[in-house]
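Using the working numbering, the letters of the sequence shown correspond one by one to residues 146 to 304. All C-beta atoms in this analysis are idealised placements derived from N, C-alpha and C, irrespective of residue type, glycine included. First the structure, in the form of C-alpha coordinates, and then the observations on it.
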Amino acid sequence: VMVYNDVFGEETVVSNRPDIGALDSNRVVAQVLLENDKSFAGQKIPIKILVKNTGIPAGNISVKIRTGLEVEGDEEKTIGSLEEGQTEMVSFLAMAAQPGNYELGCSFTYEGRQFECQSTNILLEPQAFTPELIGAALLTIAGLAVFGYFYYYKKDEQG
146 VMVYNDVFGE ETVVSNRPDI GALDSNRVVA QVLLENDKSF AGQKIPIKIL VKNTGIPAGN
206 ISVKIRTGLE VEGDEEKTIG SLEEGQTEMV SFLAMAAQPG NYELGCSFTY EGRQFECQST
266 NILLEPQAFT PELIGAALLT IAGLAVFGYF YYYKKDEQG
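This is how it looks when you write it as C-alpha coordinates:
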(Lines of atoms letter the chains of each structure in order from A and count residues from 1; the text may use other names and numbers.)
(Lines give C-alpha, C1' and ligand atoms only; values in the text may rest on other atoms or scores of the structure.)
Protein backbone atom coordinates (compact mmCIF):
# COMPACT_ATOMS: atom_id res chain seq x y z
CA VAL A 1 0.00 0.00 0.00
CA MET A 2 1.31 3.41 -0.94
CA VAL A 3 -0.11 6.72 0.35
CA TYR A 4 0.99 10.11 -1.04
CA ASN A 5 -0.27 13.66 -1.69
CA ASP A 6 -0.94 14.43 -5.34
CA VAL A 7 -0.47 17.78 -7.14
CA PHE A 8 -3.82 19.02 -5.83
CA GLY A 9 -2.86 18.30 -2.24
CA GLU A 10 -5.27 15.37 -1.96
CA GLU A 11 -4.21 12.17 -0.27
CA THR A 12 -4.11 9.24 -2.71
CA VAL A 13 -3.95 5.58 -1.78
CA VAL A 14 -2.53 3.06 -4.26
CA SER A 15 -2.73 -0.65 -3.53
CA ASN A 16 -2.14 -3.88 -5.38
CA ARG A 17 -4.65 -5.71 -3.18
CA PRO A 18 -7.82 -6.91 -4.94
CA ASP A 19 -11.12 -5.12 -4.29
CA ILE A 20 -13.46 -7.29 -2.32
CA GLY A 21 -17.13 -6.45 -2.48
CA ALA A 22 -20.42 -8.09 -1.66
CA LEU A 23 -22.29 -9.91 -4.37
CA ASP A 24 -25.63 -8.48 -5.48
CA SER A 25 -28.32 -9.96 -3.28
CA ASN A 26 -31.00 -9.66 -5.95
CA ARG A 27 -32.26 -13.23 -6.12
CA VAL A 28 -35.59 -12.42 -7.75
CA VAL A 29 -35.79 -11.36 -11.40
CA ALA A 30 -38.82 -10.24 -13.41
CA GLN A 31 -39.57 -9.74 -17.09
CA VAL A 32 -42.54 -8.27 -18.98
CA LEU A 33 -44.04 -10.63 -21.58
CA LEU A 34 -46.52 -9.87 -24.37
CA GLU A 35 -48.45 -12.21 -26.63
CA ASN A 36 -48.03 -9.75 -29.50
CA ASP A 37 -45.79 -6.69 -29.80
CA LYS A 38 -48.35 -4.92 -32.03
CA SER A 39 -51.96 -4.14 -31.23
CA PHE A 40 -54.61 -1.51 -31.90
CA ALA A 41 -55.50 1.53 -29.82
CA GLY A 42 -58.69 0.96 -27.85
CA GLN A 43 -58.19 -2.81 -27.53
CA LYS A 44 -57.44 -4.53 -24.25
CA ILE A 45 -53.87 -5.81 -24.04
CA PRO A 46 -52.98 -8.74 -21.76
CA ILE A 47 -49.63 -8.09 -20.05
CA LYS A 48 -47.85 -10.84 -18.14
CA ILE A 49 -44.91 -10.42 -15.81
CA LEU A 50 -42.77 -13.48 -15.22
CA VAL A 51 -41.21 -13.44 -11.73
CA LYS A 52 -38.48 -15.99 -10.99
CA ASN A 53 -36.54 -16.71 -7.80
CA THR A 54 -32.95 -17.72 -8.53
CA GLY A 55 -31.78 -17.97 -4.91
CA ILE A 56 -33.02 -18.77 -1.43
CA PRO A 57 -36.77 -18.50 -0.71
CA ALA A 58 -38.22 -14.98 -0.87
CA GLY A 59 -41.56 -13.81 0.45
CA ASN A 60 -44.03 -10.97 0.09
CA ILE A 61 -42.91 -9.87 -3.39
CA SER A 62 -44.85 -6.82 -4.56
CA VAL A 63 -44.98 -6.33 -8.37
CA LYS A 64 -46.07 -2.97 -9.80
CA ILE A 65 -46.61 -2.40 -13.52
CA ARG A 66 -45.29 0.80 -15.16
CA THR A 67 -46.91 1.80 -18.45
CA GLY A 68 -48.33 4.79 -20.24
CA LEU A 69 -51.55 2.78 -20.60
CA GLU A 70 -54.73 2.60 -18.55
CA VAL A 71 -54.49 -0.49 -16.35
CA GLU A 72 -57.72 -2.31 -15.59
CA GLY A 73 -57.87 -3.27 -11.92
CA ASP A 74 -54.94 -2.99 -9.52
CA GLU A 75 -51.57 -1.73 -10.77
CA GLU A 76 -49.82 -3.66 -7.99
CA LYS A 77 -50.05 -7.34 -7.12
CA THR A 78 -48.35 -9.37 -4.40
CA ILE A 79 -46.83 -12.84 -4.56
CA GLY A 80 -46.89 -14.56 -1.17
CA SER A 81 -43.65 -16.50 -1.52
CA LEU A 82 -41.32 -18.04 -4.09
CA GLU A 83 -39.11 -21.03 -3.36
CA GLU A 84 -35.69 -21.46 -4.97
CA GLY A 85 -36.07 -21.93 -8.74
CA GLN A 86 -39.84 -21.29 -8.63
CA THR A 87 -41.52 -19.06 -11.23
CA GLU A 88 -44.80 -17.16 -10.89
CA MET A 89 -46.82 -15.36 -13.59
CA VAL A 90 -48.58 -12.09 -12.70
CA SER A 91 -51.21 -10.86 -15.19
CA PHE A 92 -52.52 -7.38 -15.91
CA LEU A 93 -54.95 -5.99 -18.48
CA ALA A 94 -54.28 -2.58 -20.06
CA MET A 95 -55.66 -0.36 -22.80
CA ALA A 96 -54.58 2.82 -24.61
CA ALA A 97 -56.93 5.28 -26.24
CA GLN A 98 -54.21 6.79 -28.44
CA PRO A 99 -51.94 4.99 -30.93
CA GLY A 100 -48.18 5.11 -30.38
CA ASN A 101 -45.15 3.23 -29.12
CA TYR A 102 -45.36 2.45 -25.40
CA GLU A 103 -42.71 1.06 -23.05
CA LEU A 104 -44.05 -1.54 -20.65
CA GLY A 105 -42.02 -2.11 -17.52
CA CYS A 106 -42.39 -2.98 -13.88
CA SER A 107 -40.77 -2.65 -10.52
CA PHE A 108 -40.83 -5.20 -7.73
CA THR A 109 -40.12 -4.94 -4.05
CA TYR A 110 -39.11 -7.57 -1.52
CA GLU A 111 -37.14 -7.52 1.71
CA GLY A 112 -37.43 -3.72 1.79
CA ARG A 113 -35.55 -3.19 -1.50
CA GLN A 114 -36.92 -2.13 -4.87
CA PHE A 115 -35.72 -3.49 -8.22
CA GLU A 116 -36.56 -2.84 -11.87
CA CYS A 117 -37.54 -5.58 -14.29
CA GLN A 118 -36.72 -6.10 -17.95
CA SER A 119 -39.09 -3.97 -19.99
CA THR A 120 -40.44 -4.29 -23.52
CA ASN A 121 -42.18 -2.07 -26.08
CA ILE A 122 -45.55 -2.35 -27.78
CA LEU A 123 -46.69 -0.52 -30.91
CA LEU A 124 -50.35 0.48 -30.88
CA GLU A 125 -51.70 1.28 -34.32
CA PRO A 126 -54.87 3.28 -35.01
CA GLN A 127 -58.00 1.19 -35.41
CA ALA A 128 -59.20 0.79 -38.97
CA PHE A 129 -62.88 0.93 -38.03
CA THR A 130 -63.63 2.65 -34.74
CA PRO A 131 -67.11 2.33 -33.21
CA GLU A 132 -67.65 6.05 -33.87
CA LEU A 133 -66.84 5.62 -37.57
CA ILE A 134 -69.19 2.64 -37.91
CA GLY A 135 -71.99 4.54 -36.13
CA ALA A 136 -71.51 7.57 -38.36
CA ALA A 137 -71.65 5.39 -41.48
CA LEU A 138 -74.86 3.69 -40.32
CA LEU A 139 -76.50 7.03 -39.52
CA THR A 140 -75.49 8.38 -42.93
CA ILE A 141 -77.00 5.36 -44.70
CA ALA A 142 -80.20 5.68 -42.65
CA GLY A 143 -80.39 9.41 -43.48
CA LEU A 144 -79.95 8.75 -47.19
CA ALA A 145 -82.66 6.07 -47.07
CA VAL A 146 -85.13 8.46 -45.42
CA PHE A 147 -84.23 11.22 -47.89
CA GLY A 148 -84.70 8.85 -50.84
CA TYR A 149 -88.03 7.62 -49.51
CA PHE A 150 -89.45 11.14 -49.08
CA TYR A 151 -87.96 12.35 -52.39
CA TYR A 152 -89.56 9.53 -54.40
CA TYR A 153 -92.78 9.56 -52.32
CA LYS A 154 -93.32 13.31 -53.01
CA LYS A 155 -92.48 12.77 -56.69
CA ASP A 156 -95.14 10.01 -57.00
CA GLU A 157 -97.83 12.22 -55.35
CA GLN A 158 -97.16 15.13 -57.69
CA GLY A 159 -96.88 13.22 -60.90
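- Can you tell me whether N181 is buried or exposed, with buried defined as 16 or more other CB within 10 angstroms of its CB? exposed
- Query: If you draw a straight line from the alpha carbon of K193 to that of F237, how long is it in whole angstroms?
  - Reply: 6 Å
- Item | Whole-Å CB distance - A241 paired with V216, under 8 Å assumed | Not confirmed; about 11 Å, so no contact.
- Item | CA nearest to the CA of N246, picked from A175, Q188, V177, I267 | I267
- Task: Buried or exposed for S160, please, with buried defined as at least 16 other CB atoms from any protein chain shown within 10 angstroms of its CB.
- Result: exposed
- Query: Roughly how many angstroms separate the alpha carbons of E156 and V146, rounded to a whole number?
  - Reply: 13 Å
- Message: If the criterion is Cβ atoms closer than 9 Å, does the pair E248 and K183 meet it?
- Response: no
- To the nearest angstrom, report how far apart A186 and F153 are at their CA atoms. 60 Å
- Buried or exposed by the 16-neighbour rule on C-beta atoms within 10 Å, applied to Y298: exposed
- Task: Kindly give me the distance between the Cβ atoms of K197 and V174, rounded to whole angstroms, as I take these residues to be in contact under 8 Å.
- Result: 5 Å
- Span separating the alpha-carbon of L283 from that of F292: 14 Å
- Residues near T199 by beta carbon distance below 7 Å, same chain, minus five either side: R172, V174
- Query: Do you know whose CA, among P276, G280, V235, lies nearest C262's CA?
  - Reply: V235
- Query: Three-state secondary structure (DSSP) at A239?
  - Reply: strand
- Task: Below 8 Å on the Cβ atoms is my guess for L227 versus I210; work out the distance and round it to an integer in Å.
- Result: About 18 Å separates the two Cβ atoms, so there is no contact after all.
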